[in-house]
Amino acid sequence: MKDFDIFMSQLQETNQTLDFFCDFEKIEKNVNDIKLSLCMLNSLIGATDLRAAVETIWNRDKTAFNVMDILIAVRSEGKKIVLNSYGQCIVLDTLFQSIDGVMEYLNNTGLADLFQQKKINDLVDYVFGIETGLDTNARKNRSGHVMEGMVASILRKEGVNFRQEVYSSEWQSITKVLGDDEKRFDFVIETPKKIYLIEVNFYSGGGSKLNEVARSYSDIAPKINSVDGFEFVWITDGIGWKSAKNKLQEAYGIIPSIYNLVSIDQFIKSIK
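Sequential numbering from 296 applies to the sequence shown in our numbering.
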C-alpha cells in the first residue's frame, strides 16, 4: 500500500535554481530588438526644450516613438486601452502617431520630468531593468519547465528512453476513451509491456488550479488505464499541494501511479 502521508512529507519547498529567476538571454534579445530606437530617444534626456527634441527625432524617424510603451513597463501591441487627457478611451499606441500625442504621453506619464531632470541616464540600461522586472511574470510558466527538465535529466541519467510533448491523437484507442479533447502528455515512455503517458508539474504555492489539475487527472487516468497496454503516470511535487491536500489525497486513491521527485526512482525501477 502506498503511504500518502509519506508522499506529502517528501514534497519539496522549491525547484528553483539560481538560473530560474531571470532569462537574461530573452531579456537581452528584447532590448536589442528596440535598441536603435532607444538610442534615438536618448536625445530627449536633459533636453531643455523637450518638444523641439521630439520634433527633431520625429523628422528623422518617427517610428522611434513606437517603442515608448515599454518605458512604462507595458507591452501593448496595439491592445492597451487608456484614457487620454480628454477622458476618452483610446488605444495607447495611437499617441505615438503624432507629435502632440507623444508630448501628451511624455507629460502625463511623468517621463517628461524624468528626462528633463536627468533622473534616467540611458534608456537602453533603463529598459533592460524594466525587461528584467517583466520577466518575473514568466516565472510561473518557467516553474513547470524546470520540473520537466529535472524529470528529463533523471530519466536520461537512468538510461530511460522517452519522448516529450506527445499528443493523444497518436493512439486511436486513447483518442476513443478520452473523447474529442486532444491531450498533450509531457512525457511518453514505451516499454515492451506498456506505454506510459506521463504528466509532470510542480507547485510551490496554492490556488484553485491545483484542485482543477487533480480533478482532471483523476478523470483521465482511469480512462487511459482501461486501455490494454497503457498507463497514466503523474509526477508532481511542491509544498503548494499542502493547501489542496484533500483533493490530492482523493486523486492518490484513484490514480495508481503518482510519484514525486523522491519516489520517482520507484517508478523507474518498475519499468526497467
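Even for Gly, the Cβ is constructed at its ideal location relative to N, Cα and C.
Q) Can you check whether the CB of Val386 is closer than 8 Å to the CB of Ile376? A) yes
**Q.** Where Met296 sits in the DSSP three-state scheme
**A.** Low per-residue confidence applies at Met296: pLDDT is 44, beneath 50, and the placement is therefore not dependable enough to give any value.
Q | Beta-carbon separation (whole angstroms), Leu306 vs Gly533, contact threshold 8 Å | A | 6 Å
Q) Sorted by chain position, which residues of the same chain lie with C-beta nearer than 6 Å to Ser538's C-beta, five sequence neighbours on each side aside? A) Gly501
Q. Are the beta-carbon atoms belonging to Ala516 and Lys542 less than 8 Å from one another?
A. no
Q | Residue from Val326, Ser565, Gln311 and Ser552 with nearest C-alpha to Thr427 | A | Val326
Q. Among residues of its own chain, excluding the 5 on either side of Gln544, which ones have a beta-carbon nearer than 7 Å to its beta-carbon?
A. Phe299
Q. Among Phe360, Leu345 and Ile322, which one has its Cα closest to the Cα of Met335?
A. Phe360
**Q.** Three-state class that DSSP yields for Asp571 in the structure shown
**A.** With the chain covering only 296 through 567, there is no way to say anything about residue 571.
Q | Cβ contact (3+ pairs, closer than 8 Å) linking the segment 313-323 and the segment 338-355 | A | no
Q | Met296 versus Phe302: straight-line alpha-carbon distance, rounded | A | Reliability of the predicted coordinates at Met296 is poor, the pLDDT of 44 falling under 50, and no value is obtained from them.
**Q.** Cutoff 6 Å; reference Arg458; Cβ partners in own chain excluding five residues on either side
**A.** Val483
Q: Kindly indicate which three-state DSSP category Cys334 falls into: helix, strand or coil?
A: helix
Q: Assign Asn555 to one of two classes, buried (16 or more other C-beta atoms within 10 Å of its C-beta) or exposed (fewer than that).
A: buried
Q | Terminal residues of the alpha helix (DSSP H) in which Leu505 lies | A | Ser503 to Asn520
Q. Can you tell which of Phe527, Ile425, Thr486 and His440 has its C-alpha closest to the C-alpha of Gly454?
A. Thr486
Q.
Helix, strand or coil, according to DSSP, for Gln412 in the structure here?
A. coil
Q.
Are the CB atoms of Val422 and Leu333 within a distance shorter than 8 Å?
A. yes
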